Amino acid sequence: MNAFVRLTQRSLTVRIVALFLGLLLLVQVIGFSAIRVSLSSHAHNELPGRLELGDRVLQSLLAQRAQKLTDGARLLAADYGFREAVHSNDTETIVSVLENHGRRIGATQVALYGADLTLKATTGDQLDALGPLAARLAGLAGEQRPGAPVPSGEIALLSDTPYQFVMVPIKAPVIVGWVLIGFSIDERLVADMQALAALQVTLLTRISAAEPWQVKLSSMAGALATGLALHPWSGAVAEVGTMTSVDVQGEEFGVHSRWLTTPSVAGVGNRGGGVMALTSLSVDEATRIPQDLQVALLAVTLLSCALFGIGSAFTAHRVITPLHRLAAAADRLGAGDYTTPIGGEQSQDEIGHLSHAFERMRISVAAQKEEILKLAYWDTLTGLPNRAQFRDAVREAIAVAQKNEGAPGMPSVAVLMLDLDRFKHVNDVLGYRFGDLLLVRVAERLAQHAVRVGDLVARLGGDKFAILLRSGDGELAQAVAQRIADAFDAPLTLEEHTVDMGAGIGIACWPQHASDADALLGRAEIAMYAAKKRRAGALMYEPTIDASSAQTLSLLTEMRQAVGENQLRLYLQPKLSLGTGAVVGAEALVRWQHPSRGLVPPMQFIPFAEQTGFIRVLTMWIFEEAARHWRMLHAEGMLITLSVNLSTRDLLDQELPQKFDALLVKHQVPAEAFCLEITESAIMDDPQRALATLDRLSALGFKLSIDDFGTGYSSLAYLKRLPVDELKIDQSFVRSMESDPDDAKIVRSTIDLAHNMGLSVVAEGVENAHVWDMLRDLNCDQAQGYHMGRPMPADTFANWSVGWRAKHRPVDLPAAASMLH
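Counting in our numbering, the sequence shown runs without a single skipped number right up to 1580 at its last residue.
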């Protein structure tokens, strides 16, 4: 016990100390982060100015180099012997002078141009291609006023090497020629920039705009310079002269870009090529916290942790000591000792209140323990064992049977599970109190007619009961099930009400149907639901039942795959005008082209889709496919209305109008192109929500139709409130109207009722010419049925319509109505 208390004390102490230290470290981290943010903000604010200053330094260096070149060029132009050679056109002497002078001033390219800017002599091998550059430099020299600063000249590419050129005139006293001198831009420029501005400089070159930038010179490491060159430097006016943030190998750089070549005369064969200078500085380096500051912060953090650790440990000790006795009391309660008083702290602080609360808990737990055990294993309404106790009993029965497997006769355990019929209806009509009394009487009847010594009856929940036959085979289980069914044949009389009760009973046996208790209960439940579905009374579990359930469970997955893998097909069944015989519309239907089962009929998957809610997905697929085909039919000159069926779940979807409207916009189809068909039963499931959805659909412009009219449960009061435009008479009345006068009267009355309410009428199920004539005589508006056309693939509908119009022209109707086929 003492060891446990010490462990608890130590654990809580650690948590308190950890909390204090954690808060301290959190504050330190926030402070450290604030410093980093401040440094980052300062660096980002200052960096553009530094880069701008570096750019001006670069321009100044280029101007100084240009001044040096200009001075050298002027010295050469003023040389008397050189001017005499120029006057005498002594090419050999001119070339010699150019070479000697170029070596003295360090120029690598020297050339002489005539007064008309024709090249006379050169020491280079490509200067003859710099005619536009020479013309520009001559123009700049001619425009320069006396005393004005020397321009920085021009920079151009020769053999992929950047050169800085200047040009001065040779006057005697008029201009008799021009001297062009160029320096190659080399590492000295980069070194001067680093020494003066403490910035990184990278020179990029390219022959044309179609070529990538190449690193010519750089003060950066090769990989970093190459990374900068990969940035899409377009040289646009908006980009040059501004700072650009570039990430290279995980490090952020601020870069200032500048053309060193004039875009219009960048160099030899310029096609968007030239030289660009990148002045850069590492943002990460600028925002890095100084090492001395890091050391200071670390020292402060360590000292604070030490002080906080000592203080929090002392505080934890003062708090934990009064809890020792409460921990011991908790151990006693955990061991089931509810008689020893808690004792301990009597103070009025929080610990004292906790001690009093423990004492009250000890008293109440002792009183509630027995009640809890009862609630855990017994049903409070019927007094029968509940699901937990029944499950444990099944496990024990199987364990006993397994021990006796070697005894004569194969030991077996049987479970019967039953679910009452129409119990929900009893609750709805007579109330939940009467339903509870009925469950008590059912429990009594089961105990009287079904239980042998050692067997067990339990209520699993709701109106579901179960019976355990600890030693019973399938034959005995079926006999017991029959006795239960016979017992339910006698009505139950309760509070002057006589109630006929039935039940679906499922049977499963161990080891024939399952290897453990959970599987046995599951198989019995599967059999029970199958019995209720088949109305078979009692049903023994069979593997085929379970396989069917598994197939049903996999059907939803297959339907999702059908939508995703384009297995669904849109079919159209034509709707014709009874007055003219013209094709005025079609009903959109869905078929499933399964990859292994072929064309699956709608009745094999539509009801399941409605049950699971997947019908909403199918409805949206049908609507979108119908919109797409309407566009194609409209392009072929067919002005028809396509009908789409809506289910109950569709009407309860408050977002259905927005979804339909979005698809109309997507496919550019008017809402008037659709008629939405709703059954009476779908409306009556939740009339208020259905009416709200229908009002919104009608407001969008959709036509609305009541499908299968006459088979539902709607009243004329609801029909009057619905914003519908059309009634469809159910085919069960139309098919037999020629042989059943009552059905003919119903059809006639429905047509008159609809017309009096301003609605059009569609008769479905027209299967012969006689019914067509009868409907036409009754002034029915439209007809739909196999007599005119069966559902057909949407792609074939246009050809069918052409054939129909060719055989049944409107002028031939109604005289030719009897010849329809």
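For glycine and all other residues, C-beta sits at the position ideal for the given N, C-alpha and C.
On a predicted model such as this, the values are computed, not experimentally measured, just so you know.
Secondary structure, alpha helix (DSSP H): runs of 4+ residues fully inside the region 1346-1409: 1365-1371, 1374-1394
Contact check, Val1153 vs Leu1280, beta carbons under 8 Å: yes
Per-residue DSSP class, three states only, for Thr1046: helix
Which residues DSSP lists as bridging Thr1647, in chain order: What the structure shows of the chain is the stretch from 760 to 1580, and residue 1647 is not part of that stretch, so it cannot be assessed.
Status (buried if at least 16 other CB within 10 Å, exposed otherwise) for Met1287: buried
Closest residue to Gln973 among Leu955, Gly790, His990 (Cα-Cα distance): His990
First and last residue of the uninterrupted beta strand (DSSP E) at Glu858: Note, Glu858: premise wrong, no beta strand (DSSP E); alpha helix (DSSP H) at 850-864.
Own chain residues within Cβ distance below 7 Å of Ala874, not counting five before or after: Ile934, Val935, Gly936
Segment contact, 8 Å Cβ cut-off, at least three pairs: the region 960-972 with the region 858-876: no
Sequence-distant residues of the same chain with beta carbon closer than 6 Å to Asp1275, five excluded per side: none
Bounding residues of the beta strand (DSSP E) (the contiguous stretch that carries Tyr1330): 1327-1336
Sequence-distant residues of its chain with Cβ nearer than 7 Å to Glu946 (five each side left out): Leu976
Cβ contact check for the region 1422-1442 and the region 1382-1392: 3 or more pairs under 8 Å: yes
Segments assigned alpha helix (DSSP H), at least 4 residues, entirely inside the region 1446-1495: 1446-1459, 1475-1480, 1490-1494
Inter-residue Cα distance where the pair is Met1299 and Pro1170: 18 Å
Spatial distance of Ser967 from Asp919 (CA atoms): 11 Å
Option nearest Lys879 by Cα separation, candidates Thr867, Ala893, Ala866: Ala893
Exposure of His1567, with buried meaning 16 or more beta-carbon neighbours within 10 Å: buried
Supposed contact pair Ile1465 and Glu1439 - C-beta distance, whole angstroms, cut 8 Å: 6 Å
Coarse secondary structure for Asp1502, derived from DSSP in three states: helix
Nearest-angstrom Cα separation, counted from Met1496 out to Asp1502: 5 Å
Spatial distance of Gln1417 from Ala1458 (CA atoms): 12 Å
Endpoints, alpha helix (DSSP H) assigned at Arg1150: 1146-1162
Among Ala870, Ala1058, Ser1355, Asp1536, nearest to Ala1321 - alpha-carbon criterion: Ser1355
Nearest-angstrom Cβ-Cβ length linking Val1349 and Leu1377, presumed shorter than 8 Å: 6 Å
Given Trp1269 as reference, the closest of Gly1231, Met1035, Ala1202, Arg842 once Cα atoms are compared: Gly1231
CB contact flag (Thr829, Val925, <8 Å): yes
C-alpha gap between Ala1576 and Gly1544, whole angstroms: Caution is warranted here: a pLDDT of 39 is assigned to Ala1576, below 50, making its placement in the model unreliable, and no coordinate value can be reported.
Coarse secondary structure for Arg1294, derived from DSSP in three states: coil
Where Met1516 falls, given that 16 or more other Cβ within 10 Å makes a residue buried: exposed
Classification of Ala1036 by the beta-carbon crowding that lies within 10 angstroms, buried from 16 upward: buried
Thr1452 classed as buried or exposed, judged by whether at least 16 other C-beta atoms fall within 10 angstroms: buried
Reference Ala1206; option with closest CA among Arg1375, His1529, Phe1247, Ser797: Phe1247
Closest by C-alpha distance to Ala1385, when choosing among Val1521, Val1561, Leu1327: Leu1327
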